[in-house]
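**Student:** Residue numbers (this note's numbering), protein chains in the order written: chain A, 1045 to 1305; chain B, 1045 to 1305.
There are 2 protein chains.
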Amino acid sequence: MLKVVKIGGNVVDNPEKLDRFLRDFSTLVGPKILVHGGGKVATTLSKALGIETQMIGGRRVTDEETLRVVTMVYAGLVNKTIVNKLQALGTNAFGLCGTDGGFILSDKRAATPVDYGYVGDPRSVNTKLADTLTGAGLTLVVAPITQDVQGGLLNTNADTVAQTVAVAMASAARSEDEDVELIYCFEKRGVLLDVDDDNSVIAEITPDRFAELRAAGVVADGMLPKLENAFKAIGRGVARVVICSADAIAEPGYGGTTLKA
Amino acid sequence: MLKVVKIGGNVVDNPEKLDRFLRDFSTLVGPKILVHGGGKVATTLSKALGIETQMIGGRRVTDEETLRVVTMVYAGLVNKTIVNKLQALGTNAFGLCGTDGGFILSDKRAATPVDYGYVGDPRSVNTKLADTLTGAGLTLVVAPITQDVQGGLLNTNADTVAQTVAVAMASAARSEDEDVELIYCFEKRGVLLDVDDDNSVIAEITPDRFAELRAAGVVADGMLPKLENAFKAIGRGVARVVICSADAIAEPGYGGTTLKA
Chain A
1045 MLKVVKIGGN VVDNPEKLDR FLRDFSTLVG PKILVHGGGK VATTLSKALG IETQMIGGRR
1105 VTDEETLRVV TMVYAGLVNK TIVNKLQALG TNAFGLCGTD GGFILSDKRA ATPVDYGYVG
1165 DPRSVNTKLA DTLTGAGLTL VVAPITQDVQ GGLLNTNADT VAQTVAVAMA SAARSEDEDV
1225 ELIYCFEKRG VLLDVDDDNS VIAEITPDRF AELRAAGVVA DGMLPKLENA FKAIGRGVAR
1285 VVICSADAIA EPGYGGTTLK A
Chain B
1045 MLKVVKIGGN VVDNPEKLDR FLRDFSTLVG PKILVHGGGK VATTLSKALG IETQMIGGRR
1105 VTDEETLRVV TMVYAGLVNK TIVNKLQALG TNAFGLCGTD GGFILSDKRA ATPVDYGYVG
1165 DPRSVNTKLA DTLTGAGLTL VVAPITQDVQ GGLLNTNADT VAQTVAVAMA SAARSEDEDV
1225 ELIYCFEKRG VLLDVDDDNS VIAEITPDRF AELRAAGVVA DGMLPKLENA FKAIGRGVAR
1285 VVICSADAIA EPGYGGTTLK A
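Rendered as structure tokens:
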């Protein structure tokens, strides 16, 4: 079972949280791919460099200068810091972004109706490369910068990168040993039956149960698209998707919610 | 024959020079490893961030903040820009630094008599990793950030990284097919018989010829340690070392000076 784990900026930005997560992550057995988001360093750096962050509809526009900053921060500082910490923990980590070995090719998002600049939507994953690397015992650490099929680099949503890699690896799997599990770490412990009670994590959700929870209004707002996306990944071959907290990655079932077909 | 090519900041800093070099480099056949220096971006970025660059005896001190900057710039921006440009040229490039897969382990330089901070001297190279990657048809692009054997990252001289990698790969070679050629690109076309005449490149230098040239004062100043180092690499198994201009890498014999045993 290949584990594709995604951590967000909230973990990357907090050294203690990151160290704890990496310590736990390093104890997980079997082939692993860690996809990381960027965190606030890119924003801080942009400010320090006097680059104005342009937002449209709450989304950041990646202009040429911002692309340089996110490439530095995500594929350089954050990626190598994580790899180095994992190495110190005895995990043979190896960092890459989407342009390395043509790992993830993307299409630049159309400039209409809104031009978000150098932002990409993944088109394909070089699963053979990933197989070669994981086959050599390497734990991949992936920065969310991808390769424009037209040339150039593109800033890419880390959730989408994780999902794309998981689906591609599942499609390329030749046996059950190569099944893929996609694990999203986020702020909550999982999908909560009661949003105010962190101990009300729903351990397992099937499509039928999802329909019930949605009808009952238990799953709503930001969680709705998250779960819809997760079930899409399952529909495309991923064995299961887990939504959990970065703090609970070493617990049984990652202490979170498992989505299954 | 594996080619280990080193380019310096003068190439990295000049987009036209870099594009020309990469176009030529991509035409070289056989397995290749490109080691790049940093260039001025790190200095510019440090200034913009208000990080004071401390120099001792003409050498930069790498404090904690500077280490973050060089990691960003060398392993992030410069490395991924080069990889991406090579990909667009049809070369299946793959970027890494010394911590990825534990590629290059270094010892932090002693703090006495002068404390240069987070600076490393390479101790060992994971040649098996390099073999796996080049064997998969990947052209490696190496940023001069290495892994401290005690944990952490270290800023490392790119010339030294290139030489260490070349010597290690030569030591691990099992046949003549795996001979290693080390190519240093620098400002001049090679070792010049007349320092004022760019067309006076000496095509080949053996140890005997080196002794003559040194006695005659033809090789002096900065070129002397460069050639001494080159002959050290040859003494340790590298088949030949070439000193040439980045502009001439596609010419026969790289238009430069070849040092041989």
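Beta carbons: idealized from backbone N, C-alpha and C, even for Gly.
Owing to the predicted nature of the structure, the values given are computational and were not obtained by experimental measurement.
1) With a threshold of 8 angstroms between beta-carbons, can A/A1132 be considered close to chain B, or not?
2) Just to confirm, does A/A1212 get its C-beta within under 7 angstroms of one of the non-hydrogen atoms of the ligand NAD?
3) Give the DSSP-derived three-state secondary structure of B/K1152 in the structure shown.
4) Would you say A/D1306 and A/K1129 are within 8 angstroms of each other, going by their C-beta atoms?
5) Could you name the residues of the segment 1194-1228 of chain A whose beta carbon sits closer than 8 angstroms to any beta carbon of chain B, in the order they occur along the chain?
6) Could you say which of A/T1088, A/I1100, A/P1075, A/R1280 lies nearest to A/M1045 if we only look at CA atoms?
7) Could you spell out where the beta strand (DSSP E) holding B/I1287 opens and where it closes?
8) Could you check whether the segment 1189-1197 of chain B touches the segment 1234-1241 of chain B, counting it as contact only if at least three pairs of C-beta atoms, one from each stretch, sit closer than 8 angstroms?
9) Quick check on B/V1239: does DSSP put it in helix, strand or coil?
10) Between the segment 1148-1175 of chain A and chain B, which residues of the former have a C-beta closer than 8 angstroms to a C-beta of the latter?
11) Have a look at B/A1255, B/P1188, B/A1214 and flag the residue whose alpha-carbon is nearest the alpha-carbon of B/K1047.
12) According to DSSP, simplified to helix, strand and coil, what is B/R1280?
13) Would you mind telling me which residues of chain A sit closer than 7 angstroms to B/K1124, beta carbon to beta carbon, in chain order?
14) Taking the alpha carbon of B/K1050 as the point to measure from, which residue in B/T1156, B/A1210, B/A1155 has its own alpha carbon closest?
15) Pull up the CB-CB distance for B/A1187 and B/Y1118, whole angstroms please, since I reckon it's below 8 angstroms.
16) Could you tell me which chain B residues have their CB closer than 7 angstroms to the CB of A/R1112, listed as they occur along the chain?
17) Given a threshold of 16 other Cβ atoms within 10 Å of its Cβ, counted over all protein chains shown, does A/M1116 qualify as buried or as exposed?
18) Between the alpha carbons of A/V1122 and A/H1080, how many angstroms are there, rounded?
19) By Cβ distance, which residues of its chain are closer than 6 angstroms to B/F1065, with the 5 residues on each side in sequence left out?
20) Sorted by chain position, which residues of the same chain lie with C-beta nearer than 6 angstroms to A/V1105's C-beta, five sequence neighbours on each side aside?
21) Report the residue from A/R1258, A/S1150, A/Y1228, A/T1087 whose alpha carbon sits nearest the alpha carbon of A/C1288.
22) I'd like the ranges of any alpha helix (DSSP H) spanning at least 4 consecutive residues and lying wholly in the segment 1153-1230 of chain A.
23) Comparing C-alpha positions only, which one of B/V1073, B/G1281, B/G1083 sits nearest to B/K1061?
24) Going along the chain, which residues of its own chain have a beta-carbon closer than 6 angstroms to the beta-carbon of B/V1286, five neighbours each way excluded?
25) Taking a cut of 9 angstroms between CB atoms, which residues from the segment 1055-1066 of chain B lie near chain A?
26) State yes or no: is the beta carbon of A/A1180 nearer than 8 angstroms to at least one beta carbon in chain B?
27) For B/P1269, does the count of other Cβ atoms within 10 angstroms reach 16, so buried, or fall short, so exposed?
28) Quick one, are the C-beta atoms of B/T1135 and B/S1070 less than 8 angstroms apart?
29) What is the C-beta distance between A/G1120 and A/V1185, in whole angstroms, given that I count them as a contact (C-beta under 8 angstroms)?
30) Out of A/R1253, A/A1154, A/G1052, A/G1281, state which residue places its alpha-carbon closest to the alpha-carbon of A/S1219.
31) What is the rounded straight-line gap between the Cα of B/N1199 and the Cα of B/L1111?
32) Using only the alpha-carbon positions, how far apart do A/I1148 and B/V1073 sit?
33) Could you tell me if B/V1158 is buried or exposed, where buried requires 16 or more neighbouring beta carbons within 10 angstroms of its beta carbon?
34) Using C-beta distances below 7 angstroms, list every residue in its chain close to B/T1087, excluding the 5 sequence neighbours before and after it, in chain order.
35) In this structure, does DSSP put A/T1250 in helix, strand or coil?
36) Is A/L1078 close to chain B, meaning its C-beta is less than 8 angstroms from at least one C-beta of that chain?
**Tutor:** Concretely, from the data shown:
1) Output row for A/A1132: interface = yes.
2) Among the components of this structure there are no ligands whatsoever, and the ligand NAD is therefore not found.
3) DSSP places B/K1152 in strand when its eight states are reduced to three.
4) Any property of residue 1306 of chain A remains undetermined from this structure, which presents chain A solely from 1045 to 1305.
5) Those residues of the segment 1194-1228 of chain A placed with their C-beta closer than 8 angstroms to a C-beta in chain B are G1195, G1196, L1197, ordered along the chain.
6) By alpha-carbon distance to A/M1045, the top candidate from A/T1088, A/I1100, A/P1075, A/R1280 is A/P1075.
7) Counting along the chain, the beta strand (DSSP E) containing B/I1287 begins and ends at 1284-1289.
8) The segment 1189-1197 of chain B, when compared against the segment 1234-1241 of chain B, does not touch it at the 8 angstroms Cβ threshold.
9) Three-state result, B/V1239: coil.
10) Considering only beta carbons, the part of the segment 1148-1175 of chain A lying closer than 8 angstroms to chain B consists of L1173, in chain order.
11) For B/K1047, the nearest C-alpha among the options comes from B/A1214.
12) DSSP places B/R1280 in coil when its eight states are reduced to three.
13) For B/K1124, the neighbours in chain A by C-beta distance under 7 angstroms run, in chain order, T1115, A1119, C1141, T1143, I1189, L1197.
14) The shortest Cα separation from B/K1050 among B/T1156, B/A1210, B/A1155 belongs to B/A1210.
15) Confirmed, about 4 angstroms.
16) Within 7 angstroms Cβ-Cβ: L1121.
17) When all chains shown are included, A/M1116 counts as buried.
18) Going by the C-alpha atoms only, they are around 8 angstroms apart.
19) Cβ neighbours of B/F1065 beyond the five flanking positions: V1055, A1290.
20) Q1098, Y1160, G1161.
21) If we check each option's Cα against that of A/C1288, A/Y1228 comes out closest.
22) Within the segment 1153-1230 of chain A, the runs of alpha helix (DSSP H) that reach at least 4 residues and sit entirely inside it are, in chain order, 1171-1179, 1202-1216.
23) For B/K1061, the nearest C-alpha among the options comes from B/G1083.
24) Excluding sequence neighbours, B/V1286 sits near I1227, Y1298, G1300, T1302.
25) Within the segment 1055-1066 of chain B, no residue qualifies.
26) Any Cβ of chain B closer than 8 angstroms to the Cβ of A/A1180 would place that residue at the interface, and such an atom is present.
27) With fewer than 16 other Cβ atoms within 10 Å, it is exposed.
28) In this structure, the beta-carbon distance from B/T1135 to B/S1070 falls below 8 angstroms.
29) Their Cβ separation, rounded to whole angstroms, is 12 angstroms, which puts A/G1120 and A/V1185 out of contact at 8 angstroms.
30) Answer by Cα proximity: A/G1281.
31) Near 7 angstroms, if we compare the C-alpha coordinates of B/L1111 and B/N1199.
32) Straight-line Cα distance between these residues: approximately 25 angstroms.
33) By the Cβ neighbour-count rule, B/V1158 is exposed, with fewer than 16 other Cβ atoms within 10 Å of its own.
34) Excluding sequence neighbours, B/T1087 sits near T1097.
35) Reduced to three states, the DSSP call for A/T1250 is coil.
36) Chain B, which has no Cβ nearer than 8 angstroms to the Cβ of A/L1078, makes this no.
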